[in-house]
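Report on one structure; see the data block that follows.
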Amino acid sequence: MEEIRELIEKYALQNAVKYNAAPNAGAVMGKLMGERPELRSRAKEVSPLIGEVLAEVKKTSPEEWKRRLEEIAPELLVQLSEKKEPDKGLPSLEGAENGVVMRFAPNPNGPPTLGSARGIIVNSEYVKKYGGKFIIRFDDTDPVKKRPMPEAYGWYLEDCEWLGAKPDQVIVASERIEQYYPIAEELIRRGGAYVCRCPQAVFKEHKEKGIECSDRGQSVEENMEFWRGMLDGSLKEGEAVLRVKTDMHHKDPAIRDWPAFRIVTAPHPLVGDKYRVWPLLDFESAVEDHLLGTTHIIRGKDLADSGSRQRYLYSYLGWEYPRVIHWGRVKIHQFGSFSTSKLRKAIEEGVYTGWDDPRVPTVRAMRCRGIRPEALRKFMIDLGIGETDISLSMDSIYAENRKLVDPEANRRFFVWEPVALEIEGDVPPLARAPLHPTDNRGFREIPAGNELFICRSDLEGSKVGDVIRLKDLCNVQITSLEPAKARFLGKDMGKRTRIIHWAPADAVKVLVMKPDGMDEGLGEAGIAEELGKVVQFERYGFVRVNKIGEPPILAYFAHR
Numbered sequence: 131m132e133e134i135r136e137l138i139e140k141y142a143l144q145n146a147v148k149y150n151a152a153p154n155a156g157a158v159m160g161k162l163m164g165e166r167p168e169l170r171s172r173a174k175e176v177s178p179l180i181g182e183v184l185a186e187v188k189k190t191s192p193e194e195w196k197r198r199l200e201e202i203a204p205e206l207l208v209q210l211s212e213k214k215e216p217d218k219g220l221p222s223l224e225g226a227e228n229g230v231v232m233r234f235a236p237n238p239n240g241p242p243t244l245g246s247a248r249g250i251i252v253n254s255e256y257v258k259k260y261g262g263k264f265i266i267r268f269d270d271t272d273p274v275k276k277r278p279m280p281e282a283y284g285w286y287l288e289d290c291e292w293l294g295a296k297p298d299q300v301i302v303a304s305e306r307i308e309q310y311y312p313i314a315e316e317l318i319r320r321g322g323a324y325v326c327r328c329p330q331a332v333f334k335e336h337k338e339k340g341i342e343c344s345d346r347g348q349s350v351e352e353n354m355e356f357w358r359g360m361l362d363g364s365l366k367e368g369e370a371v372l373r374v375k376t377d378m379h380h381k382d383p384a385i386r387d388w389p390a391f392r393i394v395t396a397p398h399p400l401v402g403d404k405y406r407v408w409p410l411l412d413f414e415s416a417v418e419d420h421l422l423g424t425t426h427i428i429r430g431k432d433l434a435d436s437g438s439r440q441r442y443l444y445s446y447l448g449w450e451y452p453r454v455i456h457w458g459r460v461k462i463h464q465f466g467s468f469s470t471s472k473l474r475k476a477i478e479e480g481v482y483t484g485w486d487d488p489r490v491p492t493v494r495a496m497r498c499r500g501i502r503p504e505a506l507r508k509f510m511i512d513l514g515i516g517e518t519d520i521s522l523s524m525d526s527i528y529a530e531n532r533k534l535v536d537p538e539a540n541r542r543f544f545v546w547e548p549v550a551l552e553i554e555g556d557v558p559p560l561a562r563a564p565l566h567p568t569d570n571r572g573f574r575e576i577p578a579g580n581e582l583f584i585c586r587s588d589l590e591g592s593k594v595g596d597v598i599r600l601k602d603l604c605n606v607q608i609t610s611l612e613p614a615k616a617r618f619l620g621k622d623m624g625k626r627t628r629i630i631h632w633a634p635a636d637a638v639k640v641l642v643m644k645p646d647g648m649d650e651g652l653g654e655a656g657i658a659e660e661l662g663k664v665v666q667f668e669r670y671g672f673v674r675v676n677k678i679g680e681p682p683i684l685a686y687f688a689h690r
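To convert a position in the sequence shown, counted from 1, into this note's numbering, add 130.
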């Protein structure tokens, strides 16, 4: 309770200093429950403690409030201003002054999504800010429901490095199973765990009704015997689980006697059938956080129950629980769920071409589309770590990326839905177009002549007699729409002349994959020189050229 008392004092002082008045109990309670959601079920127990602390604060002066707050939590001092801008970026971490150990712990059942990128970037950024260690820990101890993909381990590390978040240490939980068993046995000896042999449906009913399992009263010796039976095969899959004793009358049924180990006979992709007793996530994660010295955990507020369950384990073993920050979900309008399991199923069913399909929210897809890691880093850091759920558009990421790619991207012509245009007259045989409009990096030479291609939409937007400018080439007047014909007027730019782009008669075939479909068309031959680069298809948008060789050239759309 001492830790809770300290939190109450900090938030009471913060409230008092902010409003220059005695602290408000409701505001302090709200702050406390926001940081420690597991205390909500103990509100009646906590409320008198809040009253006691607030009474002590009221006895002191406003000057003392500020002095004391500066002493115990200077980061909570606030400057009052009606026009204060909303905070952007990552707030300070309490208790980080001597360095931090941060971890991101994915299940490698697919590559990182944009949701994963947020966790990777923010955790690594705090390590850069305070010093310490950034760990990637693969929580891969479920070989059935969330079966790991062997390739995904490498994908995560590749994407981490690309995001500028190379880990200082990599941990694979499935390779560390034997270190969990002694801890489970110590838990049994301390009376904190028991082997439950109830059928799953029976225990579920007991849990909902708050009824203790008959196995709960077994002696340490009996539990150790059954535990050995789980390990040596005497007990079969589904016949027993090791449960952590909590409170079977807890307000939240999810906290009641949660399972720590179960028997799984399915082989694991990395370690095969070496183990038959596997830890569930709450046990494995809690133990690893202790063994690795994790100082701060950033997790979704929807996972607050995990902290509540794990604190029982820490209490039995005499460990100190890391500081926890809960953040809200991020939803991006252009995508549906970030669920790797759902994406994997859709890929297997042929809905998407793969993990780098431009329609999926993976980091690999962003890379193929030409989104820069710097753009993702700035975007994720600016989001901060607030508890409010956020719904936003990819346009925010695109805006950041555009600042980075626009000065570097060469310009090229790409004509979608091409229509052949026959031009009468002395059309120049060659066009010289700048590689970039704002610097002196040179020109590209594009074969021209009397037969070119233009976009169908440009033709349909014209009428006979219209004068248009073929960009970087010449002016022509439309003489026929069906078939498309024009006559050469001259090379000088006319006033108020509509400008369109074009492709030469020997254009190369180009396919552009987009989040909402694809465009087929023709482009200048120089596109083949841009492999692996982001270019701007003029009047179309930024794309990354991903494949050259047999036609068509394949490019992925980034954004306009």
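A virtual CB, placed ideally from N, CA and C, is assigned to each residue, including glycine.
The beta carbon of K296 lies closer than 7 Å to those of C290 in the same chain, with the five residues before and after it left out. When the five nearest sequence neighbours on each side are left out, the beta carbons in the same chain lying within less than 6 Å of the beta carbon of S438 are those of E168, I385, in order along the chain.
D272 has its alpha-carbon roughly 10 Å from the corresponding atom of A303. Secondary structure note for S171: it is in no beta strand (DSSP E), with a DSSP letter that is neither H nor E. Pairing V535 with V664 gives a Cβ-Cβ distance under 8 Å.
Residue environment: D377 is assigned as exposed (fewer than 16 neighbouring CB atoms within 10 Å of its CB, all protein chains considered).
Judged by beta-carbon spacing, L506 lies within the 8 Å limit of A247, meaning their Cβ atoms are closer than that value.
Around the beta-carbon of H463, fewer than 16 other beta-carbon atoms lie within 10 Å, marking it exposed. Annotation: D596 is outside any beta strand (DSSP E) and is labelled neither H nor E by DSSP. Contact annotation: I630 and I598 have beta-carbon atoms nearer than 8 Å.
For P488, the closest C-alpha among the options K334, R628, I608, M648 is that of M648. Cβ-Cβ distances below 8 Å link M510 to A247, R248, I251, V252 in the same chain, with the five nearest sequence neighbours on each side left out; the list follows chain order. A226 has its alpha-carbon roughly 7 Å from the corresponding atom of Y260.
With fewer than three CB-CB distances shorter than 8 Å, the stretch 636-646 does not count as touching the stretch 593-609. Burial check for V332: the Cβ neighbour count within 10 Å stays below 16, so the residue is exposed. Nearest to L410 by alpha-carbon distance, out of K140, L421, G423, A390, is A390. The criterion of a C-beta distance shorter than 8 Å is satisfied by L447 and L317. Judged by DSSP secondary structure, Y686 falls within the beta strand (DSSP E) whose first and last residues are 683-689. For P491, the closest of V557, G245, I202, E305 by C-alpha to C-alpha distance is G245. Look at the beta carbons and you see the stretch 496-506 not touching the stretch 560-567: under three pairs across the two are nearer than 8 Å. Of all alpha-carbon atoms in P613, P567, K472, T609, the one lying nearest the alpha-carbon of F667 is that of P567.
In this structure, the CA atom of P399 is about 15 Å from the CA atom of V407. Between the alpha carbons of L223 and I477 lies a gap of roughly 39 Å. Secondary-structure assignment with DSSP links H420 through no beta bridge to anything.
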